[in-house]
Every structure is written in structure tokens, then in C-alpha cells.
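Student: Numbering (our numbering) for the sequence shown: 690 to 1066. The C-beta atom is built at its ideal place from N, Cα and C for all residues, glycine as well.
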Amino acid sequence: MRTLHEAHKSLTERMRYLASGTKYDSCNQSALCHAFAPDGRCIQLYKTLLTNYCSGECTYCPNRCERDTPRVSLSPDEIVKITWSFYRRNAVEGLFLSSGVIGDAENTSEKQLEVARKLRAQGFEGYIHMRLMPGTPKYLLEEIADVANKFGVNAETTSSINYSEVCPNFNYNTDVLQRLKWTKELIIQKRKEVGYGGRIIGANDTQFVVGAANESDQDIVHTVTKFMDKYDLRRPYFMSFDPVPNTPLEHNEPSPQWREARLYQTSYLLKDYGLKARDLDGIYTDTGFLKDQDPKILLAQSNPEIFPIDVNNASLQELLLVPGIGPVSASRIMQSRPINCEQELARMGVVITRARPYIKLKGHFQTNLSAFMEVCS
690 MRTLHEAHKS LTERMRYLAS GTKYDSCNQS ALCHAFAPDG RCIQLYKTLL
740 TNYCSGECTY CPNRCERDTP RVSLSPDEIV KITWSFYRRN AVEGLFLSSG
790 VIGDAENTSE KQLEVARKLR AQGFEGYIHM RLMPGTPKYL LEEIADVANK
840 FGVNAETTSS INYSEVCPNF NYNTDVLQRL KWTKELIIQK RKEVGYGGRI
890 IGANDTQFVV GAANESDQDI VHTVTKFMDK YDLRRPYFMS FDPVPNTPLE
940 HNEPSPQWRE ARLYQTSYLL KDYGLKARDL DGIYTDTGFL KDQDPKILLA
990 QSNPEIFPID VNNASLQELL LVPGIGPVSA SRIMQSRPIN CEQELARMGV
1040 VITRARPYIK LKGHFQTNLS AFMEVCS
């Protein structure tokens, strides 16, 4: 039942409150967010919380139970109606649904499941992504897997010690890591059942709130690698900590946005380039933090003995170490060799200005710019 304060809020006002309340769920403060399908296609989703009422005491969160803030909710029927309205106007391709903790994880997930079931029963074929609560029971995960394209639990940080400081209501090992394991198993199972051409089943994902705990970037990157190996994590999300008034962390320093951006760049080196966390150990400061520089360039600079790489003889993995060469352009190089000049590389998508100090072409490399350019004259 809504409070008297909430009863005076219009549907539009409640939508705005709950969209902004998803700030700590992988998205910015708007009613829309973007996700990526397994084929790499970017899809736009309507994102909302069921409610910002919350029994949780997460120390960074604007919706924590002890904070004095306006509280509002949307009923499952209202979310279904709003989603259909956006979907029929081609404004979105699906729904991203999270929530405050409504009593406990089981009750919250039941409400989220109700939304997804009603949408599917009405013929909704769009993408449904549900961010679930730590501690969601396994039987509900199994039922959610029948109707959602993607679902998962946020890890928030890198260890049980850090987690107990920022999310004291939950247990990192049992409420988070066990759920990541179950999610992996359910994704594998559903992909076998659905088969080619059926419902899209998204990969396992999770989120880290960067800077809420005292973990280093090196700890985060090693945790991401561990999650990729153990839970088939495909895409880690990062959210920069921004202190919220009237929370226990309100006087802590905010995490700079560039730190979030550099962690994303580093995660792409793990996800798309096949590197492991140990391969990146040379790029951090003495205290384990990233610098505000491109991590791939820092990696190249920390391994000067590898370069310059001969583009006509290098392996695929060696090419991927070169700044300015990505997975697509590296594959094109492998298929098109021998390469005769840098204009050919540019046509393949190589960023020549970044790659030039690290490659050798027909025996020439950049001792100075004019010497290297002679090969293409």
C-alpha cells in the first residue's frame, strides 16, 4: 500500500524518481539505458526500479533504508503498461528492471518475476534484463530464466571483507558468488534448450561500484578475470562512487570518472584481446591503481623488449598487443599479408599514429618518422 506522501505523486513523477534511482545499476539517470545483445548489437531499454523503498543498508546507496528521501513505487501492472507504451512506439526494445529490497530478496524477485511473466503472457517479445537481489533463491532464478533474456546479481566489490563494509545485510560468498554460479549454470542450460533462432540468452554480467570500498584497480581487474574464468562473466560494469548526502560515506572522496573509463578499457583487453589480469600487472602505480592513460599504451611501454613487431610475421596475439590494432584489424592483417605499406594498414582499420612506434614494416620501423615513411614512398 502506498504512503500518503506517495499517493500524491503522479505516475510521471514516480517514473522519474525510479528511473533516477537506478543510478547505481549500470546506467545513468534517465528512463532509458543501453545494453548489448550477444551479437554486439546495442539495444535501448526502459529502465526502472520497482520501488526505492529498501530494507537494505548499503552504505553508498541513496535508497538505503535509514535515509530520509521520497519513497515511491510502481506496481507490476504499471510497469507492464509503461513498457508496452514505449515498445509500441519503437522508443525501446525492452525493459531493464531493478528494485530496492522489498522486505527480502525472495519477495523482491517474485515481484520482478511477476512483471516479466505478465509481459510474456501478453505476447511481449522484447528484451528483458533483470537485476536481481543478492540472496535470490535458486528456484526463482530458474523461473526467471524461463522469461528473462538476461539476469544477474551485482558483486559491487572484490572480497567478502569489502562487501561486508558496503552491503552489511548480505553475505558475499553465499548471496552473491553462489548466485553468479547458478546464473552461469542456468544460462548454459537455457542456451541448450532454446537453440539457434530462439530467444536471446544474454551472458553473465555483474557490476562494481568503483571507490565505495578501498579496493585497488588491480584487485578489481584480478577479480574480473577470476569471474570470467569461473562464472563465464562476459561484461563487467563499473559505476564511479559518488558520495550521497545522509549516508555513511557522504564525506568520502568521489571516484573520478576517468577511473571508471580506464577500468572499462582494461576490461576490453581481458574480454576482447584475450589477456589475463597478470599480463597487466606492470601498468599500475605502486599502490595498484591505474593511471589516467590508455592502459594498452601503458602495457606496450612496460614491455619494450617485445617491440617493434613485424606485422608480416607476427602472430595474432602479438598483433593484438600493438596500440591502434584491435581484434578486427588484427584479423584483417592476418588474412591480407603480406602488407606493403601503412596505407594498407589504415584501410584495414589500424590507427597508424598510435601503432607506428610499435610496428615494423618491410624491415623499417620508427627510429624517426621520415625513416619509417620511406617504405611507403
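Who does F927 pair with in a DSSP beta bridge?
Tutor: In the DSSP output, where bridge partners are listed per residue, F927 has F897.
Student: Of the choices N752, G815, M704, whose alpha-carbon is the least far from that of P932?
Tutor: When each option's Cα is compared against that of P932, the closest is N752.
Student: Determine the direct distance from the alpha carbon of K965 to that of M917, and round the result to whole angstroms.
Tutor: The straight-line gap from Cα to Cα measures roughly 10 Å.
Student: Going by Cα to Cα distance, which pick from L738, V1000, H911 is closest to I768?
Tutor: Closest by alpha carbon: L738.
Student: Using DSSP with H/G/I as helix, E/B as strand and the rest coil, what is M1037?
Tutor: Note: M1037 maps to coil in three-state DSSP.
Student: On a Cα-Cα basis, can you pick out the residue from G815, A794, P765, V761 that is closest to Q733?
Tutor: Among G815, A794, P765, V761, the Cα nearest to that of Q733 is on G815.
Student: Under the three-state reduction of DSSP, which class applies to Q867: helix, strand or coil?
Tutor: If DSSP states are grouped into helix, strand and coil, Q867 belongs with the helices.
Student: Can you have a look at N838 and say buried or exposed, based on whether 16 or more other CB atoms are within 10 angstroms of its CB?
Tutor: When all chains shown are included, N838 counts as buried.
Student: Considering only the alpha carbon of each residue, which of K873, I1041, P993, I1028 lies closest to N1002?
Tutor: Selected option, being the one with the closest Cα: I1028.
Student: Within a Cβ cutoff of 8 Å, which residues of the same chain sit near H818, ignoring the five residues on either side of it in sequence?
Tutor: These residues qualify, in order along the chain: A724, L734, G783, L784, F785, L786, A837, N838, K839, F840, G891.
Student: Using the Cα positions of E882 and D864, report the straight-line distance between them to the nearest angstrom.
Tutor: The alpha-carbon atoms of E882 and D864 are separated by roughly 27 Å.
Student: Would you call the stretch 919-929 and the stretch 892-903 in contact, with 3 or more CB pairs under 8 Å?
Tutor: Result yes; three or more Cβ-Cβ pairs closer than 8 Å.
Student: Which same chain residues, not among the five before or five after P790, have their C-beta less than 7 Å away from its C-beta?
Tutor: The sequence given here places Val at residue 790; Pro does not occur at that position. C743, S744, G745, T797, M822, listed in sequence order.
Student: Which residues share a DSSP beta bridge with C743?
Tutor: In DSSP, C743 forms no bridge with anything.
Student: With 16 other CB atoms within 10 Å as the buried threshold, where does C750 fall?
Tutor: Classification of C750: buried, given that the 10 Å Cβ count is 16 or more.
Student: Go through its chain and collect everything with a Cβ distance to K879's Cβ below 6 Å, but skip five positions before and after it.
Tutor: Taken in chain order, the residues that qualify are A834, I890.
Student: Exposed or buried, what is I909 when buried is set at 16 or more other beta-carbons lying within 10 Å of its beta-carbon?
Tutor: So I909 ends up on the buried side.
Student: Would you call the stretch 948-962 in contact with the stretch 757-768, where contact means no fewer than 3 C-beta pairs closer than 8 Å?
Tutor: The stretch 948-962, when compared against the stretch 757-768, does not touch it at the 8 Å Cβ threshold.
Student: Under 6 Å Cβ to Cβ from T872, same chain only, skipping five residues before and after it: list those, please.
Tutor: So the qualifying residues of the chain are G841, N893.
Student: If T740 sits next to S788, beta carbons under 8 Å apart, how far is it from one beta carbon to the other, in whole angstroms?
Tutor: With 8 Å as the limit, T740 and S788 qualify as a contact, their Cβ atoms being about 6 Å apart.
Student: Is it right to say N717 is buried, meaning 16 or more other beta carbons lie within 10 angstroms of its own, or is it exposed?
Tutor: Bear in mind that the predicted position of N717 carries a pLDDT of just 42, short of 50, making it too unreliable to give a figure here.
Student: Would DSSP call V842 helix, strand or coil?
Tutor: Reduced to three states, the DSSP call for V842 is strand.
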